Every structure is written in C-alpha cells, then in structure tokens.
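Top line first, the protein sequences correspond to chains A and B.
Here our numbering is used: the first residue of the first sequence is 48, the next is one more, and so on.
Here our numbering is used: the first residue of the second sequence is 48, the next is one more, and so on.
Glycine included, every Cβ here is placed at the ideal spot set by N, Cα and C.
Model, not experiment: these values are computed from the prediction.
2 protein chains.
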Amino acid sequence: MDRKKLVVIGGDAAGMSAASKVRRSQPDWEIVVYERSPHTSYSACGIPYFIGDIVEDESSLIARTPETFLEKHQIKALIRHEVAKIDPENKRVKVKDLSTHRISWETYDYLLIATGASPIHPDLPGIQAQGVFSLSTLQSGILAKNYVKTYQPKHAVIVGGGYIGLEMAEALLERDMSVSLIDRNEQVMGTLDKDMATRVSDYLQDQGVQLYLEESLIAIHTDTDQKVRMVETDKRTLDADLVILGIGVKPNAELAADAGIQLCDSGAIAVNGRMETSQKDIWAAGDCASSRHLLKNKDIFISLGTVANKHGLVAGTVIAGGDASFPGVFGTAITKFKAMEIARTGLSETEAAALAIPYQKATIESSTIARYFPGSGKIAVKLICRADSGLLLGAQIIGSQGAAKRIDTVVAAIQGNLTAQDLVYLDLAYAPPFSGIWDPIQIAARQLV
Amino acid sequence: MDRKKLVVIGGDAAGMSAASKVRRSQPDWEIVVYERSPHTSYSACGIPYFIGDIVEDESSLIARTPETFLEKHQIKALIRHEVAKIDPENKRVKVKDLSTHRISWETYDYLLIATGASPIHPDLPGIQAQGVFSLSTLQSGILAKNYVKTYQPKHAVIVGGGYIGLEMAEALLERDMSVSLIDRNEQVMGTLDKDMATRVSDYLQDQGVQLYLEESLIAIHTDTDQKVRMVETDKRTLDADLVILGIGVKPNAELAADAGIQLCDSGAIAVNGRMETSQKDIWAAGDCASSRHLLKNKDIFISLGTVANKHGLVAGTVIAGGDASFPGVFGTAITKFKAMEIARTGLSETEAAALAIPYQKATIESSTIARYFPGSGKIAVKLICRADSGLLLGAQIIGSQGAAKRIDTVVAAIQGNLTAQDLVYLDLAYAPPFSGIWDPIQIAARQLV
C-alpha cells in the first residue's frame, strides 16, 4: 500500500489510540495529531482523584507524552495546535499554532475527528469568576488544584449530582472543605432510578454533604478581587470560595458541522459502526462521535474514556485498511463516593417505561461477600428484564467494596441475550471471601422469575 | 393437590434448599430430612476460615438450625439420623437414629438424595492417627480446630494443593505454624494450566510454604500416644504434628447404587436437568449428583456449594410440581491464598487440547485498577477461545484484590456465546478505582483477536 497521511484532530483517548493502531498496521504512513491543550493521552476520569490528592502527581495521569509518541511510534503529536477548519473538498485542515499564532493549511489523505466534549458552562452572572471550575481537561484540573492549594478554600459548592459531582464531593471532603451539592433535579445520579438514587442521597448527607435538590444555580457572586464568594440558587444563597460545575458535557462537533458533516439529534457526529462520518475519508471517534445504544436502538451521545478507546481502536483499524465494527453501548457507568460504589447498565426502569417496553423489576439487598466473613458489606441490586421474554434489560448496583464491578456480569449477560432465568443458574464463582452462595445479582434474578 | 410426603436424605445445601423450596410451594406437605451429622445448612466452604480463626464462631457458618427449619418452615430436620437403605419398590427408607441406635422404616411419596460427598481418605499406614484431618463436614472442622487449640501444633503438613489445600495453608500460617504442602502432581491447582499454576506455586513459596511437588504420601508415623509425629513421602520425611488431607472428594452414591439407581462414570448419581434419577419419584441433588459440563458435553462430578444450591432449587421446584431445569456448569471456581486471588472457568488449555478442540490462547499481565490509583495490583489473565469461530471457551485469572471475581464476566460471556471479538467491545464498567480503561479481560481478548 502506498504511503498515506493521516491527520488526527484531538490527542486524547480516541485520537491517540486510533493513531497508535494505524501505526502498528502501517509503519510507513505519516501520522500527525493536533491537540489544542498542552497534554496528550491523559486520564480525564482521574482528575477528581488528582484534586483530592489521592493521586498526587499530574504526570501519573498521563499515559504517553508527545515525546513518547514521536520517539516510540513516529507519531507527530503537536500540542497547543488547534484545528480551526476542515476543508473536505481539498482534503486539508487549517491549523492554528496557539503558541506562535501562526496559521497553516495541512493536507490529509485520511482525517480523524477526535475533538472530545466540553463541559456545559451556563451563561449566568458571575460564571467567569475565579474559583469556578468545570473539569474536563487535565489543564483545567491542574488549574483547580493550584487554586485549592493557593487559596485554601473552605466552602465548596458543587453544581450537578452526577459522576463528576460525586467524585469531586469525595475529593473536597478529603481536603476538609464543607461541601454543598446543588442539583436541579429531584434526585442525584440521573442515570439511576429514583429509588436507587435515594440511597446515594442518604449516604451523601450521612457523610456530611449538604444536599439541595430541585434547586437551580442562578448566579455567582464575587468579591472585589473577582474571586467567588457566594452562590445564589433559586431558593437560597450559599457561602462559597470554590465552585465546581458538573452539569454535563456536550460534544465538540462544531468543526465537523461547519464542514458539512452530518450530526445526530444528540449533537454528536453521526458515524456508522466503522466510525465513518457522512464525508468520505473522514472518521470521528470518542466523545465527539455518536454511539449506538444497543437497547434503545438509537444513536446517543456518551462521554466515557472506555468508549473513546474502543472508538479509536475501530477507527484506527478501519483507517489502516482493516475490518472492525463498534457494536454499541449499554450505557454502563460506575463510580464511587467514599465507601459507596455505584454502577448501572442497560435500561433503567424509567427508560424502559419511556420506551414502552413491558418490563419487570426486582430490587434486593444482600451482602457483598459471605455474611460471616470479615469485610462483608451491604449491596443493593435492582434488576430489570422484559416482562414477555425475561431477557435482561438493565441493572443498578449500590454497595460497599466489591459491589459495583458485578455490573460487568450483567453487561455480558445482556450482550449474550440471557434471561433472568439464565442468570439464576449461571455458573458464577463462589467462595466465602468473594460472594454469598448466591451472588447478589442472582438473588435479584431469582426474585424476578 | 393432595398432601404428599417428601423425604430428604442429607440436610446441607442441596437437601435443605430443596426442602425449603418445596415448603414455599406446598404448605401442606410433610417434609422430613435425615442428616447423619449434628448440623444442617452450614457453609462447608467456610471451614478453613473457621480453623484459621478468621471466622471465630462455628455458629456463624450455620445458615439455619433444625429448630429454625421446624419453627419457621415446618420442616422436620432430624440430625444424627442416617439412612441405611432405600427401598424404591415399597417407597420407603431404612433410618438409623445414631443417638439411640433405633432402626425404623419410613415411607415417602417423593425422595430426594442429597448425601453430599466425602473426602478421599487413602488407605495408608497411620492414616487414622490423631491429628490427621480431612475437612468436609462442620463436625470435622470443629474437631480440627479443637485439636489445634488443645495441642498447639507447630508443623503442619498439607496433602494436596487444591482449593482446600491452599485455604488451609493460609489458615495455618495465620496460626503461626510452619506449613509444608505435598502434591503428587507436577503443579498445584490442577484445574489451572501449568503456566498459571506456577504463579501460585511461586507465591506459596514466597509466603513461606514449603512446597513438595511430584511427591506422594506413603505413611504417617505416630508417637506412642497415637498422635501424628512425622509424614513419610516417597522422597523424604517431614516433621508433622498436624496433617490436613485435601486430596479430593468422592460422591456419596453407594446408597443410591444399592437401590439400583444409575450412576455416571464419574461415580455421581445420574440425573437429568430436572434432577430426576433413573428411579421414579427419586431425585438427587448436590455433590452426590452429576452436573452437565456445558463445554465438555458430559456429566461430571463437581462438589461446590453454589452448584448444590442450584440443584436443590431445581429439585425442589420440580418435586413441588413446578417446572425448572438445571442447565449445567462451566467448572467455575474461585479461591484465595493470602493476597492472591485465583479463579477459573470453562476449559483450560489442557482440557481443550484433550478434547481436540481447536483453540487459541492469550495470557496478559495488567493492573487490577488504574495503575496510578492507590491499591492497584497485578493481575494475570489467560483467555481461551475456539480457533475457528472465536467463541470463548475459558479463562484463568490470578491477581491481587479485585482480580478474581472478574471471572464472572467471562462466565456470562461463555453462556451467551460471545466471541473474543465481542468481549473486546463489551461495554464494561470503567472508572479509575475499578479498572484500567481496558478491563484486563478485554486486554486478553484484544490479544486473542
């Protein structure tokens, strides 16, 4: 095959894994990556733990630096370079060097858009104040950590009770701040059903988080030095010298849209299983690209490092001339807040109802390992299956150490079209340090059948 | 339905779960259980931890006592009662009261044989010495623990490097004994492939266990007081004031065989998926009954509490007039030795080769959770799939905390007929405290494809 030039826009999970995959298959191709931030291939999911000092050093979060990519893989990853325009007709991109402000046009044979997602930053008074952070890039994490170290804030307000919100609550409690959490919904963790989310709310409060549900951020008030001093909601004011915005992210798809590439309803770039966009020789992968939800049968926007890596692997394989297809997602997610582990996959009861799928549900409480064994803790499992066929649809798990990763067994079971009945008799591993004699997910399955 | 009488022989996992299931469906039936030991429904798998004082009190291991069964479930569980004969023609059993030595014939409408398994006790000189224990019943565990407390042995010799052997090695090290482990095979953990078992051997030795492989027990030597003093192998003698036999168990199927009930080649009672034996109105469940191995397509003998419970649930459902079927097993097993977790499921490489199945294998080393996260440890995963279709066949996992229960994901994947390729793209849960961005089993799957 003749020597081709691959240009990748975005040097994090999806972009760099695609670039690496192409390099393994095509040792001679030219591969150039443009990344507007100062970092490549870092763990965005690790940022809350970095701020909480559970992970001390930012370099721990970086899997590979641009130097490593160049030396080991002959991939030219140019940091602080922003792509401002895609010109599909002439197969070139307009690149801005953010250090020198130089602008150039670079050609490509194949283009991968891996521009990621950006935190939603509501246009409210004071939102630009110092001490207000939305964490998505490593750079934003470093800024936040420096701010915390420099100004030693005492009163943190977190806006949004999702994954980032919970992880940041833990991190900031760890740093001895008082933590308030605002969510405009009637529950935290919107991907859980309310009955399960209530367990999380109770534990948050139990651990000292001031929780304000059904309450919206209105404004941020500052001191004369432009640093945040107070948060105003539609119901009250809260003292605050640190504000974390965790109200979600949106796909960075403007560049693609401007080039006439088709987007989905979700705002993410439309791709098929091979991560091909509507434009010839242009692929998209990672947070900016859509994923098929295998139970909803529709393309959704999902922002997760693990999905981004899979996207990148598929895109890289296909770009290099191989065959691969990304099947889709079940919306699996996992997190922890202090000693509580939380996981979900597939359809929640709310989602099944919204899709008018006839479903059955069971919620059980049990122990993570044999009750008599030291370290045994509580676990609650909610399991949902089709009412007609018994096919598994989803699960939500909340519990202490060892609880949440059990979600993976349900993920595999859903993928394999297993029923609740199949799950009851599944030959899962048992020994007292690992499980009760019926695994908690089987206890839930028994209740379902 | 008219009032029937169910007799159950054996009051542990299979027998009591069947009895309980029948009671839930048939409130009026008479249910009598004969158990020759002094205990019902206990966790045999917990015995090593009981001896190691990780679980202090024997009562913790007992799920339900005969009194509970009688009061709460109207199930008459008669302990220290042995069934000596089954008379299928007249639908009766001959019962010996081990306390009073009284013998009686008791009739049944339905009979469940749940007689369990017994440890293999080789007929060698000195094997009856005091201080030699094979642990299967709670009673034997209590005797062993009392012996240890009374005589404070210093030098333990364990015969057999399987699950019991490893768990007892941990328990006895915990009690500050020197521990020697003899196995006549060239590896410990016979259900693992040798390359994986070597990791276990290395760690056993690292933790102070004296390991003697390819070495057979020849005799046990005693002092004048009949207490064990020395163990003789075909290669050496070892000081020993405590000997644990962990060389396997065999199904208690003589009673069934004597009654003309068909056995399998394995020696276990032949049953179909409904746990029916060859004899009308007689069921078998638990260790004494065979299980279908879903990948070997043959009936095997397997001795595991979790399988026994499932057998009992199916037998109870069917006996009570309902419909249920036990699909079979993959030979899933899990254990730990100190900080090392060990699990396996499906076919090992050795087994696939023996069955002449064309297979591919991959073995990888990774980290249990994100490498930069505190508590991250090592994990090795060996994954086996069909060479033709890529269908998953089996896995072996060895690693630190959080490693082994991942086997369940592979179990569900095998049951769901997933391929290695499917596993690569499976939507497993990721967050730094739980996993690397590719779960270790996916890293193994990537290497396979």
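In summary, Y194(B) is buried, with 16 or more beta-carbon neighbours lying within 10 Å of its beta-carbon over all protein chains present. Using a Cβ distance threshold of 8 Å, V206(B) and G293(B) count as a contacting pair. Put simply, the region 306–322 of chain B does not touch the region 235–242 of chain B. Fewer than three CB pairs are less than 8 Å apart. The C-alpha of G255(A) is placed about 9 Å away from the C-alpha of S227(A). Linking A367(B) to S183(A) through their CA atoms gives a straight-line distance of about 58 Å. Contact between A218(A) and I98(A) holds, since their C-beta atoms are separated by about 5 Å, short of 8 Å. Within the same chain, I205, V206, L228, D230, V235, I291 and G293 come within 8 Å of G212(A) by CB-CB distance, once the 5 residues on both sides are set aside. Residues of chain B whose Cβ lies closer than 9 Å to the Cβ of F384(A) do not exist, since the nearest Cβ in that chain is about 11 Å away. Every beta strand (DSSP E) stretch that sits fully inside the region 241–313 of chain B and reaches 3 residues is listed by chain position as 257–260, 264–269, 275–280, 284–286, 289–292 and 296–298. Close partners of I101(A) in chain B (Cβ separation under 7 Å): P421. Nearest neighbour of V140(A) by Cα position, chosen from H148(A), I126(A) and Y155(A), turns out to be Y155(A).
One thing to note: F384(B) has its Cβ within 8 Å of the Cβ of L251(B). Pairwise C-beta distances place the region 370–385 of chain B out of contact with the region 413–420 of chain B, as fewer than three of them are shorter than 8 Å. Between V457(A) and T392(A), the C-beta gap is smaller than 8 Å, which places the two residues in contact. When DSSP states are grouped into helix, strand and coil, D455(B) belongs to the helix group.
In terms of Cβ geometry, Y477(B) and L351(A) form a close pair [threshold 8 Å]. Legend: CB atoms of the region 87–111 of chain B lying less than 7 Å from CB atoms of chain A belong to residues S90, C92, G93, Y96, I101, V102, S107 and L108.
For N344(A), there are no neighbours in chain B by C-beta distance under 7 Å, as the nearest C-beta there is about 15 Å away. Per DSSP, the beta bridge partners of F180(A) are I291(A).
When Cβ-Cβ separations below 8 Å define contact, G463(B) makes contact with chain A. Identification of chain A residues near W485(B) by a Cβ-Cβ cut-off of 7 Å yields N356, ordered along the chain.
Around the beta carbon of Q462(A), a 10 Å sphere encloses 16 or more other beta carbons of the protein chains shown; the residue is thus reported as buried. When DSSP states are grouped into helix, strand and coil, K51(B) belongs to the coil group.
Residues of the region 434–454 of chain A that bring their beta carbon within less than 8 Å of a beta carbon in chain B comprise G449, A451, K452, R453 and I454, in sequence order. Boundaries of the beta strand (DSSP E) around P166(B): A164 to P166. DSSP links S225(B) through a beta bridge to H202(B). With a minimum length of 3 residues, the unbroken runs of beta strand (DSSP E) contained wholly in the region 131–163 of chain A fall at 139–144, 150–154 and 157–160. Approximately 16 Å separates the beta-carbon atoms of G58(A) and E77(A); this is outside 8 Å, ruling out the contact.
Listed along the chain, the chain A residues whose CB falls inside 8 Å of the CB of L351(B) are Y477.
At a beta-carbon threshold of 7 Å, the residues of chain B lying near F377(A) are D474, ordered along the chain.
Think of a sphere of 9 Å around the beta carbon of P166(B): no beta carbon from chain A falls inside it, the nearest being about 18 Å out. Scanning the region 413–487 of chain B from its first residue to its last, the whole beta strand (DSSP E) runs of 3-plus residues come out as 425–433 and 439–446. Residue pairing from DSSP places G393(A) in a beta bridge opposite G441(A). In the structure shown, I411(A) falls within a strand segment according to DSSP collapsed to helix, strand and coil.
Cα atoms of L440(A) and C432(A): separation of roughly 5 Å, rounded to the nearest angstrom.
By the Cβ-count criterion, D104(A) is exposed, with fewer than 16 other Cβ atoms from all chains shown falling within 10 Å of its own Cβ.
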